Every structure is written in C-alpha cells, then in structure tokens.
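All remarks here apply to the structure that follows.
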Amino acid sequence: KNHYEIDPHYGTPQDLKDLVKGLHDRNMSFMMDFVVNHVGPVHSSADVKDLYPFNKIEYFHTMNIGEMTFDEYTVSAGKKPIGLPADGPLPLQAMWSGG
Numbered sequence: 119k120n121h122y123e124i125d126p127h128y129g130t131p132q133d134l135k136d137l138v139k140g141l142h143d144r145n146m147s148f149m150m151d152f153v154v155n156h157v158g159p160v161h162s163s164a165d166v167k168d169l170y171p172f173n174k175i176e177y178f179h180t181m182n183i184g185e186m187t188f189d190e191y192t193v194s195a196g197k198k199p200i201g202l203p204a205d206g207p208l209p210l211q212a213m214w215s216g217g
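Just so you know, we're using my numbering here: the sequence shown kicks off at 119 and counts up by one.
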C-alpha cells in the first residue's frame, strides 16, 4: 500500500532499474502510469490510513458512497467517460475485463 514501493508481484527495485537501463540501452523510454485515485472505495479516514503518502481523506473524493454501478457513478458525477460514445450502451464489459 506504500505508493513509493514496488509491489513484489512485479519484481524488485533492482528489476525496475535493470528494465529501465535495458530500455535506455535500446533507445527506448520507460513510462509509468501512476493513478493514485484508483485505490478502491474511500469512505473515511480509516480507509486511507495505510495508503502512504496519500493517506489523508482530503486527497480523495468521497462522492461514491455505497454500492453504485459505473453508469450510476458517471451520471451522478455529471460526466460521460472520455472517448466513449455519447449515446448507446457503454462497453462496460470491455472496461472491467481489460479487453
């Protein structure tokens, strides 16, 4: 839960350094997508206490209280997902399955 550490599932800090060096040696770049607001449901300070360094409730929006579907959430936020059709069914299955 420490956002400054590498999840051991993905390797060690040395593995990351070796990967970046290998890419740079091949004139390639390394880009890391870091989306801290996708850490799970946040309802109270207790939910974020272990998410160092983002462990303060004010770092998160708390609009999603309770069990909401993706459609309910986007409607309540007054937004449509960027890049998806403005009308018709949203490809939710593809988004949730990563496909």
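Glycine included, C-beta positions come from ideal geometry on N, C-alpha and C. A quick note: this is a predicted structure, and the numbers were derived from the prediction, not measured.
Here DSSP, grouped into helix, strand and coil, assigns Gly129 to coil. Under the criterion of beta carbons closer than 8 Å, Leu134 and Ile124 qualify as touching, at roughly 6 Å. Restricting attention to Gly140, Met150, Lys139, the CA atom closest to the CA of Tyr122 is found in Met150. Excluding sequence positions up to five before and after Leu141, its CB lies within less than 8 Å of the CB of Ser147, Phe148, all in the same chain and listed in chain order. Scanning its chain for C-beta atoms nearer than 7 Å, with the 5 sequence neighbours on each side dropped, one finds around Pro131 the residues Ile124, in chain order.
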